[in-house]
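Report on one structure; see the data block that follows.
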Amino acid sequence: MADATGLEETHILVTAGPTHEPIDPVRYLANRSSGKQGFAIAAALARLGARVTLIAGPVTLDTPEGVTRIDVETALEMQAAVEAALPADAAIMVAAVADWRVEGAGQKIKKGAGGPPVLHLVENPDILAGLARSPLRPRLLIGFAAETEHVIDHATAKRARKQVDWIVANDVSGDVMGGAANTVHIVTANGVESWERMPKDAVAARLAERIAAALR
Ligand code: CTP
Ligand code: CA
Numbered sequence: 186m187a188d189a190t191g192l193e194e195t196h197i198l199v200t201a202g203p204t205h206e207p208i209d210p211v212r213y214l215a216n217r218s219s220g221k222q223g224f225a226i227a228a229a230l231a232r233l234g235a236r237v238t239l240i241a242g243p244v245t246l247d248t249p250e251g252v253t254r255i256d257v258e259t260a261l262e263m264q265a266a267v268e269a270a271l272p273a274d275a276a277i278m279v280a281a282v283a284d285w286r287v288e289g290a291g292q293k294i295k296k297g298a299g300g301p302p303v304l305h306l307v308e309n310p311d312i313l314a315g316l317a318r319s320p321l322r323p324r325l326l327i328g329f330a331a332e333t334e335h336v337i338d339h340a341t342a343k344r345a346r347k348q349v350d351w352i353v354a355n356d357v358s359g360d361v362m363g364g365a366a367n368t369v370h371i372v373t374a375n376g377v378e379s380w381e382r383m384p385k386d387a388v389a390a391r392l393a394e395r396i397a398a399a400l401r
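In terms of my numbering, the sequence shown opens at residue 186 and continues consecutively.
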């Protein structure tokens, strides 16, 4: 039977993984995100009874049980998939979205007398900030912040700038990206709560309980 802490009747959106931004048809810009933390969060939310839509960049992970997965490659595709999946009661944007894409990626770039190519980058849309301004803004909007220094200060500033409810700040200066454990700080309107380093599955379970309590 459904218990009192459950997420039955809710639809929750999770983004996870990196995005790949083509340089040409055979090359891309990427980052070290493994998708593990986002997939673990999607799994934990589904275990609490939520209907979960997981929008995943290119990762080598199995789809968690009971989760609807939509695979995307680029930031622009991720943005379109997020918009198409609305409305949602909550969104947890764990993806490490590429900040820039290569302008005018065309045919395969050839080596030649001209020397190395110059890549012209343009900024990708901020999917999370866009969602915060949307008429379909989820009731609970959570961003992640991967930082290598001044973790809490940067995360606090990001929370205000993006107008989201919580930022889960992530110190990625160690082996976090790709690793199995995570040290996070939960930044909300009420201040900062630092959690001890724990497995990503444990972070996910604890966060899912928090989300259930907030949506109740
Ligand atoms: N995010 C997003 N779309 C982007 C960039 C980031 O939705 N184009 C989301 C991420 O999924 C994450 C949050 O915004 O939930 C913070 O991402 P982060 O990269 O830490 O923030 P940026 O604003 O890109 O700042 P910077 O990389 O310069 O620290
Ligand atoms: Ca970024």
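Think of the CB as a built atom: it goes at the ideal place given N, C-alpha and C, for glycine as much as any other residue.
Keep in mind the model is a prediction, meaning the values are calculated, not measured.
Provide the residue(s) that pair with residue i in DSSP beta bridges, ordered along the chain.
| i | result |
| --- | --- |
| MET383 | ASN367 |
| ALA276 | LEU198, LEU326 |
| GLU378 | ILE371 |
| LEU148 | The structure shown does not extend to residue 148, since the chain is modelled only from 186 to 401, so the question has no answer here. |
| ILE352 | GLY328, VAL372 |
| GLY281 | Here residue 281 turns out to be Ala, not Gly, going by the sequence shown. The partner list for ALA281 (beta bridge, DSSP) reads PRO203. |
Would you kindly work out how many angstroms separate the C-alpha atoms of residue i and residue j, rounded to a whole number?
| i | j | result |
| --- | --- | --- |
| VAL282 | ARG232 | 26 Å |
| ILE255 | ALA298 | 42 Å |
| GLN222 | ALA201 | 8 Å |
| ARG344 | PRO272 | 22 Å |
| ALA187 | GLU193 | Residue placement at ALA187 is flagged as unreliable, the pLDDT there being 46, under the threshold of 50; the coordinate-derived value follows with that caveat. Going by the C-alpha atoms only, they are around 7 Å apart. |
| LEU316 | ILE327 | 10 Å |
| LEU261 | ALA387 | 31 Å |
| THR253 | ALA225 | 14 Å |
| HIS305 | GLU394 | 43 Å |
| ASP350 | VAL377 | 12 Å |
| ALA270 | ARG236 | 12 Å |
| ALA189 | GLU206 | With a pLDDT of 43 at ALA189, under the threshold of 50, the modelled position of that residue is not reliable, and the figure given next carries that caveat. Spanning the two alpha carbons is a distance of roughly 43 Å. |
| ARG286 | GLY191 | 39 Å |
| ASP311 | LYS296 | 34 Å |
| ARG324 | GLU381 | 28 Å |
| ARG401 | GLY220 | 27 Å |
| ALA275 | ALA241 | 17 Å |
| PRO249 | ASP338 | 33 Å |
| THR259 | ALA399 | 31 Å |
Please classify residue i as buried or exposed, where buried requires at least 16 neighbouring CB atoms within 10 angstroms.
| i | result |
| --- | --- |
| ARG346 | exposed |
| VAL336 | buried |
| PRO320 | exposed |
| PRO210 | exposed |
| PRO301 | exposed |
| ASP360 | exposed |
| ASN375 | exposed |
| VAL303 | exposed |
| SER358 | exposed |
Starting from residue i, follow the beta strand (DSSP E) in both directions and report where the run begins and ends.
| i | result |
| --- | --- |
| VAL307 | 306-308 |
| ARG406 | The structure shown has nothing for residue 406, since the chain only spans 186 to 401. |
| ARG286 | 285-287 |
Where do the N-terminal and C-terminal ends of the alpha helix (DSSP H) with residue i fall, by residue?
| i | result |
| --- | --- |
| ARG212 | ARG212 -> not in any alpha helix (DSSP H); beta strand (DSSP E) instead, spanning 212-214. |
| ILE208 | Run containing ILE208: none in the alpha helix (DSSP H); it sits in the beta strand (DSSP E), 206-209. |
| GLN292 | First-last for GLN292: undefined, no H or E at that position. |
| GLU268 | 260-270 |
| ARG232 | 221-232 |
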